[in-house]
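Enquirer: Taking our numbering, the leading residue of the first sequence gets 1314, the next gets one more, and so forth.
Backbone N, C-alpha and C fix where the C-beta goes; we use that ideal spot for every residue, glycine too.
Shown below is the structure under consideration.
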Amino acid sequence: MSPTPPADNHSELQQIDPEALIADAITVAIERAFGIENADPIVGPARNPKFGDFQSNAAMPLGKRLGKNPREVAAAIVEHADLGGIAEPLTAESIAGPGFINITLNADALSGLLENLDTPELGLPTPASPETVVVDLCGVNLAKQMHVGHLRSNVIGDTIARSFERLGHTVVRQNHVGDWGLPIAMVTGKVKAEADAGRIALDDLDLATLNRLYKDAQLECAADRRGLAAVRKFDLGPKAEAELEEQVASAEEALAAAKQTLVKLQSHDPEIEAVWRSIERTTMEVCLAVCARLHTRVTDGDSAGESSYATELAGVVADLVDRGVAEESDGALVVRVEGIKEPCLIRKGDGGFLYATTDLAAIRRRVQTLGGDRLVYCVDARQGLHFRQVFGAAHKAGYTTRPDGSTATLEHAAFGTVLGEDGKPLKTRSGENIKLDALLDEAVERAEAAIRERAGENAGEAGDVRTAAEAIGIAAIKYADLQTERSKDYVFSFDRMVSFEGNTGPYLLYARARINSMFEKAASRGIDLSASESAPLRLEAEEEKTLALLLLRTPRVVRGVADSLEPHRLCAHLYDLAVAFSKFYDRCPVVGADDEATRLSRLRLAGLTRRVLTDGLETLGLPLVDRM
RNA sequence: GUCCCGGUAGCUCAGCUGGAUAGAGCAGCGGACUUCUAAUCCGCCGGUCGGGGGUUCGAAUCCCUCCCGGGACGCCA
1314 MSPTPPADNH
1324 SELQQIDPEA
1334 LIADAITVAI
1344 ERAFGIENAD
1354 PIVGPARNPK
1364 FGDFQSNAAM
1374 PLGKRLGKNP
1384 REVAAAIVEH
1394 ADLGGIAEPL
1404 TAESIAGPGF
1414 INITLNADAL
1424 SGLLENLDTP
1434 ELGLPTPASP
1444 ETVVVDLCGV
1454 NLAKQMHVGH
1464 LRSNVIGDTI
1474 ARSFERLGHT
1484 VVRQNHVGDW
1494 GLPIAMVTGK
1504 VKAEADAGRI
1514 ALDDLDLATL
1524 NRLYKDAQLE
1534 CAADRRGLAA
1544 VRKFDLGPKA
1554 EAELEEQVAS
1564 AEEALAAAKQ
1574 TLVKLQSHDP
1584 EIEAVWRSIE
1594 RTTMEVCLAV
1604 CARLHTRVTD
1614 GDSAGESSYA
1624 TELAGVVADL
1634 VDRGVAEESD
1644 GALVVRVEGI
1654 KEPCLIRKGD
1664 GGFLYATTDL
1674 AAIRRRVQTL
1684 GGDRLVYCVD
1694 ARQGLHFRQV
1704 FGAAHKAGYT
1714 TRPDGSTATL
1724 EHAAFGTVLG
1734 EDGKPLKTRS
1744 GENIKLDALL
1754 DEAVERAEAA
1764 IRERAGENAG
1774 EAGDVRTAAE
1784 AIGIAAIKYA
1794 DLQTERSKDY
1804 VFSFDRMVSF
1814 EGNTGPYLLY
1824 ARARINSMFE
1834 KAASRGIDLS
1844 ASESAPLRLE
1854 AEEEKTLALL
1864 LLRTPRVVRG
1874 VADSLEPHRL
1884 CAHLYDLAVA
1894 FSKFYDRCPV
1904 VGADDEATRL
1914 SRLRLAGLTR
1924 RVLTDGLETL
1934 GLPLVDRM
């Protein structure tokens, strides 16, 4: 269910978007011709330039519905259509094939629309009643280093958030930090033991050490119980059995200790809590630094860890029991959701809560306290069932009902796994997750090498090169991640993304850098740039027209990204835009144009392209670089 | 076993509510830098859209079925 555009800016949008204007005209024509209201005009860009700029495919389905020859239907539409002068008048010649209606924009209208786009808001005015969108992203865990899995949640989640922000909605980012529960208790106990033994200092922890201790603690608590059962069953000898027995026993012991630590943590034992806080401080400091480096807007204020819901869980469960939403099942408490076979577990047989319980508390807070109209979860696709259960349970519990009685929309913006070039989940040779900062380092290193290779002696100051390399490397990684359909797995390849050729982040940055350079050149020739800002647009060359049409399409695309939660649409559009600009750049001299009017018109077109491109790149969250 | 997601050019991917000869990038081959940055542009090569049925004037797109790959499936998070 996508929000409809507020009526107050619809007319404004129409002044810019030819597709909307034409669509409305066709809808009206259908009504006039057949008395059918609000028919889908099926208008879109022409599939092939030789058919014009836009096409309507409405006649065919309409013909079927009315039992008429689609070409006759098309003729009737054409006859009743009033395109208000924005396109060439429709005639019998406009009808092609089974009933396609081909539409060519009027040249003057095109520049008029483009002038309307050329405002500070670039076709996306602030809505009269902004929505509040809560975006769940990042999702780090205490004592664990960020890896490729976090890359997507941050990058995609942040772009989704930015697209809503760009549309003028209120966005609340939520970093649902994994900072609670038994695994955290395990590592907390482990860290305390290490500190007590003098092997580490609590006020001087580093994340790599924490990560190691986390794994150690996990191992110590992990017992091969099934292995032991198998050894016994198949009688594999007393030695093997004894070894496993010992292992299981020590694991049981470690687990019991961790459970005790958890109890202390929950009851705010000062000593344990101090250890926990230093783990948290160390982890979050690194996490936020990585987010800053990634240019994802995730800050300390966005942190809403699992621990922050700890005191609410008992209340949530009691509430669900009281109101008959939850029921007992094999000693556990579950919420059954219609259409899903597996019930949603909210309390274990031993009384402990589960992550579904925390997520229910989070939904309640996000809707009731944060005022969310729309909750978006940018989380791994493998959590799909979990979110279907939790969303269903939240709706059933009434937690998604807002004060005004409306229901908040809950969506799982699921993303696929990052794969290596062998098609398997990306890991190091030793089978570990690849650290995110190492990944970023390599991209930046490769970018720096590329700059030096291309520029040679003219690469500039070392500091400037590093600044540019940082932006280019990060842009390359982010763009590669955003470029493909979110929900699918994607293959990560340094060689491909950092070749910096073709459809890559750096290509977009490069297009922008060339526009900068063009303006510098123009300024150095003494051309009056301020005059170009309001110069009449003369879109005569094919390249100029193509570029103009793409520019006009941008607001529609940004809306589409927010509606669908699919950033790759903006990537594709900005790439098309950059390609169109590159062709324009290649074939239409600007600074050296034949006459003054053309020069100023082209400067204005280039300037507008730069602003739209910059705006789009910022919406994607790519770092910019002014010179390449 | 049940459910979810995928299968489009050698590789990586687009393909919007069904529409006109299925599009990019990379790789390969061939062109374009005394003229605004060649991280660019132009051309060529390359596809039984996993297989088979069906609906339709029209299917990569919708329905059925099968094959292949990945994932998830009550007391971990």
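(1) May I have the straight-line CA-CA distance separating Y1898 from L1450, to the nearest angstrom?
(2) Grouping DSSP H, G and I as helix and E and B as strand, with all else coil, what is V1468?
(3) What residue range does the alpha helix (DSSP H) around G1776 cover?
(4) Roughly how many angstroms lie between the CA atoms of E1857 and R1940, to the nearest whole one?
(5) Under three-state DSSP, which class holds K1298?
(6) Compare the C-alpha of T1714 against each of I1676, E1724, T1741 and name the closest.
(7) Can you tell which of E1761, L1518, V1647 has the C-alpha that lies nearest to the C-alpha of I1785?
(8) Could you pull out every residue in the same chain whose Cβ sits closer than 6 Å to the Cβ of C1884, ignoring the five residues on either side in sequence?
(9) Which partner residues does S1616 have in the DSSP bridge list?
(10) Within this structure, are the beta carbons of I1787 and R1610 separated by less than 8 Å?
(11) Is the beta carbon of D1686 less than 8 Å from the beta carbon of T1445?
(12) Once the 5 residues before and after A1508 are set aside, which same chain residues still bring their CB inside 6 Å of it?
(13) By DSSP's criteria, E1724 is part of a beta bridge. Which residues make up the other side?
(14) Per the DSSP calculation, S1369 is bridged to which residue(s)?
(15) Sorted by chain position, which residues of the same chain lie with C-beta nearer than 8 Å to K1503's C-beta, five sequence neighbours on each side aside?
(16) Would you mind working out which of E1931, F1894, D1908, E1566 sits nearest A1919, comparing C-alpha positions?
(17) I need the boundaries of the beta strand (DSSP E) containing V1647, first residue and last residue.
(18) Relative to the C-alpha of G1905, which candidate in K1834, R1869, L1933 has its C-alpha closest?
(19) Who are the Cβ neighbours of T1867 in its own chain at under 6 Å, not counting the five residues just before and after it?
(20) Where does T1922 land, buried or exposed, given buried means 16+ other C-beta within 10 angstroms?
(21) So, are the CB atoms of V1648 and V1638 less than 8 Å apart?
(22) Do the CB positions of G1412 and A1394 come within less than 8 Å of each other?
(23) Give me, in chain order, the residues of the same chain whose beta-carbon lies closer than 8 Å to that of P1319; leave out the 5 immediate sequence neighbours on both sides.
(24) Using only CA atoms, which one of I1414, G1934, V1485 lies nearest to T1682?
(25) Report all residues from its chain with a CB closer than 8 Å to the CB of D1613; omit the five preceding and five following residues, and keep chain order.
(26) Do H1270 and V1870 have their C-beta atoms within less than 8 Å of each other?
(27) Among I1408, L1375, N1361, which has the Cα closest to the Cα of E1963?
(28) Is the region 1429 to 1438 touching the region 1466 to 1481 in the sense that three or more CB pairs, one from each, lie closer than 8 Å?
(29) Per DSSP, what kind of secondary structure is F1666 in: helix, strand or coil?
(30) Do you know how far the Cα of V1650 is from the Cα of E1401?
Expert: In brief:
(1) 39 Å
(2) helix
(3) 1775 to 1796
(4) 24 Å
(5) This structure cannot settle anything about residue 1298, because the visible part of the chain is limited to 1314 through 1941.
(6) I1676
(7) E1761
(8) L1795, Q1796
(9) N1488
(10) no
(11) yes
(12) L1515
(13) V1689
(14) V1356, I1414
(15) L1526, Y1527, D1529, A1530, E1533
(16) F1894
(17) 1645 to 1648
(18) K1834
(19) V1925
(20) buried
(21) yes
(22) no
(23) Low per-residue confidence applies at P1319: pLDDT is 38, beneath 50, and the placement is therefore not dependable, though the value from the model is reported in the following sentence. Cβ within range, chain order: P1440, A1441, S1442.
(24) V1485
(25) M1597, L1601
(26) Nothing can be reported for residue 1270: it is not among the residues displayed for the chain, which extend from 1314 to 1941.
(27) An answer regarding residue 1963 cannot be provided, because it is not within the stretch 1314 to 1941 covered by the chain.
(28) yes
(29) strand
(30) 55 Å
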